[in-house]
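In the UniProt record's numbering, the protein residues as written are 1 to 420.
Dropping the structure here:
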């Protein structure tokens, strides 16, 4: 497949490659290369010509809660723990009803597609049948992702609490059923967070993650009250991350930890040592008054970072808007630290939204040779602007004020993905 257009991607953090009026050649699902002109061997082959449109890597959402999509925009005057109690847990309990779950998850998949999320890492609920249905719907739509059956055996409402034995049995059955079923959508082990998981459950989940060679996702150091709670539950552990590490849920398998707003130097060092990914969720961190994550410092200490919408703590599915929130929050952190650390600029945020998060999946998020071709084609000529703009300026306009209608084509693993 040969595609022509204006290509923009980030080979490394802060570096932007802009290829005007160029070509990309895809063999199967893989990028062969980008070219200013086609060589003779490709002369006469069909070319998909997107004219003056922008072509960028597909967006990667490293952290979101699929069952919470119905709660977007609700309860955001509350902090994390009361918000969970008042809004979230009751919403998730409804996913015991498979028909309800399927209806909601169909809408979730469409929303991801609409806003250009080509790969996503999602929490389901404790219900294995409903969570398996979410994998099926993502796979059927042609999107890529990881989906986790949530585990909760303590400090949880009656409608969501599991016994340790049943939680582990359901998780193993879920893993057996889904680990090899789909090419682009895989299961991920998902302890909700330390307060909702007993030591026995965490140890059992680590065993299953290793047995089935699947990754792990959870939450880390999101809220000060949550951190205090974890400290009371695990007094012998050095910090929140050390609890996961003690139970081999902190990089022993590929691991994503969401938020890390209040991670101290020791916790960040442990993440870097164990190759733990951080899912930065600035919209949620602001909405639930959790704080501003020190993302520049986390990156400087060698931790891999991607972006997360964190619906429904985050109110929008759009990773473009998460990029905007990333820059805005980082500027506030920059001012808070008396301008000692540079803020995250848009080139850097674009990297986090594409190759940064995409690297968790492998060679995803760039148009370099050898990468899988995940892409969005952007036609944003409805923007009211009579001035000639550079391709990078047009990218900024799409990120800040673009709409889902601006995305006129989506590709995942080399295949065009139409409306689910």
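Using N, Cα and C, we set each Cβ at its ideal position, and we do this for glycine too.
CA-CA distance, residue 333 to residue 262, rounds to 13 Å. Residue nearest to residue 80 within the set 395, 259 and 272 is 259 (criterion: CA-CA distance). Contact between residue 6 and residue 312 does not hold, since the beta-carbon distance rounds to 35 Å and is not under 8 Å. In this structure, DSSP gives residue 350 a helical state, which the three-state scheme calls helix.
In the structure shown, residue 270 adopts helical secondary structure according to DSSP, grouped into three states. Taking the Cα of residue 193 as reference, the smallest distance to any Cα among 365, 123, 69 and 61 is reached at 123. In the three-state reduction of the DSSP assignment, residue 212 falls in the helix class, which pools H, G and I.
A distance of 9 Å or more separates the beta carbons of residue 130 and residue 187. With respect to the 9 Å criterion, residue 412 and residue 374 are classified as neighbours on the basis of their beta carbons. With a cutoff of 9 Å on beta-carbon distance, residue 155 and residue 196 are scored as near each other. By the Cβ rule, the segment 345-353 counts as touching the segment 389-401, because three or more pairs are nearer than 8 Å.
Excluding five sequence positions before and after residue 269, the CB atoms of its chain that fall closer than 8 Å to its own CB belong to 301, given in chain order. Check the Cα spacing between residue 279 and each of 53, 304, 265 and 286: the tightest is with 304.
Our two residues, residue 113 and residue 52, have alpha carbons roughly 23 Å apart in a direct line.
The criterion of a C-beta distance shorter than 9 Å is satisfied by residue 361 and residue 144. In the three-state reduction of the DSSP assignment, residue 61 falls in the strand class, which pools E and B. Residue 218 sits close to residue 191, with the two beta carbons spaced by under 9 Å. DSSP places residue 198 in no alpha helix (DSSP H); its state is neither H nor E. Excluding the 5 residues flanking it on each side, residue 419 has same chain C-beta neighbours closer than 8 Å at 110 and 113, in chain order. Annotated as proximal: residue 410 and residue 118, with beta-carbon spacing under 9 Å.
One thing to note: residue 282 has its Cβ no nearer than 9 Å to the Cβ of residue 320. In the DSSP assignment, residue 187 forms a beta bridge with 147. Taking the Cα positions, residue 28 is about 21 Å away from residue 40. Put simply, the backbone Cα of residue 22 is about 22 Å away from that of residue 363.
Distance from the CA of residue 403 to the CA of residue 115, rounded to the nearest whole angstrom, comes to 8 Å. Secondary structure of residue 68 (DSSP, three-state): helix. DSSP places residue 1 outside both helix and strand once states are collapsed to three, so it counts as coil. Annotation for residue 241: the continuous alpha helix (DSSP H) segment containing it runs 240-246. Residue pairing by DSSP leaves residue 315 without any beta bridge partner.
Its chain contains 26 as the residues whose beta carbon lies nearer than 6 Å to that of residue 1, once the 5 sequence neighbours on both sides are disregarded; these appear in chain order.
Per DSSP, reduced to three states, the secondary structure at residue 380 is coil, with no helix or strand assignment. Cβ neighbours of residue 11 within its own chain (closer than 7 Å, five residues either side excluded): 17, 366 and 368. Following the DSSP letters along the chain, one finds residue 258 inside the beta strand (DSSP E) bounded by residues 255-259.
Rounded to the nearest angstrom, the gap between the Cα atoms of residue 289 and residue 225 is 11 Å. With respect to residue 264, residue 296 sits apart: the two C-beta atoms are not nearer than 9 Å.
Between residue 241 and residue 202, the gap from beta carbon to beta carbon reaches 9 Å or more.
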